[in-house]
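Each residue of the sequence shown is one higher than the one before, starting from -17 at the first, in this note's numbering.
Where is the CB? At the ideal position from N, CA and C, for every residue including glycine.
Since this is a predicted model, take the numbers as computed values, not measurements.
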Amino acid sequence: MKYYYIVAAAGIGKRMQLDYPKQFLEYNKKPIFIKTLETISKNKLVTDIIIVTNREYIEKVKDYVKEFNIEKVKNVIQGGKERQDSVYNALKIIEDEDAIVAVQDGVRPFIKEEYIEKAYKELEKNMDISGVVIGVMVKDTIKVVDENGIIIHTPNRNSLVAAQTPQVFRIKTLKKAYKKAKDEGYLGTDDSSLVEKIDEKVKILEGDYDNIKITTKEDLIYLAK
-17 MKYYYIVAAA GIGKRMQLDY PKQFLEYNKK PIFIKTLETI SKNKLVTDII IVTNREYIEK
43 VKDYVKEFNI EKVKNVIQGG KERQDSVYNA LKIIEDEDAI VAVQDGVRPF IKEEYIEKAY
103 KELEKNMDIS GVVIGVMVKD TIKVVDENGI IIHTPNRNSL VAAQTPQVFR IKTLKKAYKK
163 AKDEGYLGTD DSSLVEKIDE KVKILEGDYD NIKITTKEDL IYLAK
């Protein structure tokens, strides 16, 4: 069986207010997406890595992959307008309909290899589910508010999970979910939300609070450690 790994690295750094994509921010003298890739490529199950990035940075990404000798990278392709479009571009080039595919944020550089392994193996052994998502229980009390900031509801914190990546799925299911979302014009906030929308079961596996996504300027403190 083939184990594909899609790395979404087509962000433009808008919330970070950078003049270059945030995946090129450095940690220990290497771009953070390279740190992400190094962890992924070490996993013995991963067979093929597909990187999705901005068209103008494809050659730059290829150069970094070569420089840091990330051997399992098979394709570097152009992303789309939204993250969802980018991942769908990658899914469409995977021909093996029996494969398992993981999706990872390129700017989540502190992923641990053990979670990749756990997610793949959980999906392999449990035929009652179509996907596995790494996540952590929320620490703060969450409020649901209206457009004016007025609190409508306080959900039970014990049932709330902050979803992370990797998110791992059977390729047929994920392709079906992405096609349906495309056809209906639905834009989800993660891959799992699309799979949930076609009434498939997705399981949460406990992850790590350090597995953050570098998104805003406040997150830069993690790169200074």
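For residue 188, the enclosing beta strand (DSSP E) covers residues 184 to 188. By the 16-neighbour rule on beta-carbons within 10 angstroms, residue 68 is buried. In the DSSP assignment, residue 113 forms a beta bridge with 151 and 184. Here residue 155 has 112, 113, 177, 180 and 182 as same chain residues with Cβ atoms under 8 Å from its own Cβ, once five neighbours each way along the sequence are excluded. Apart from sequence neighbours up to five positions away, the residues of its chain that approach residue 127 with a beta-carbon distance below 7 Å are 133 and 134, ordered along the chain. Judged by beta-carbon spacing, residue 147 lies beyond the 7 Å limit of residue 88, meaning their Cβ atoms are not closer than that value. Apart from the 5 residues on each side of it in sequence, residue 16 sits with its Cβ closer than 6 Å to the Cβ of 46 and 50 in its chain, given in chain order. Residue 26 carries a coil assignment under DSSP once its states are collapsed to helix, strand and coil. Per DSSP, residue 173 lies in no beta strand (DSSP E) segment; the continuous alpha helix (DSSP H) that holds it begins and ends at 173 to 179. Scanning its chain for C-beta atoms nearer than 7 Å, with the 5 sequence neighbours on each side dropped, one finds around residue 158 the residues 180, in chain order. Residue 192 and residue 206 have their C-alpha atoms roughly 14 Å apart.
Residues of the same chain with a CB within less than 7 Å of the CB of residue 79, apart from the 5 flanking positions on each side, are 153 and 154 in chain order.
The alpha-carbon separation between residue 137 and residue 129 amounts to approximately 18 Å.
Residue 82 is bridged by DSSP to -15 and 152. If you draw a straight line from the Cα of residue 141 to the Cα of residue 116, it is about 15 Å long. Residue 65 is not a Cβ neighbour of residue 195, given a cutoff of 7 Å.
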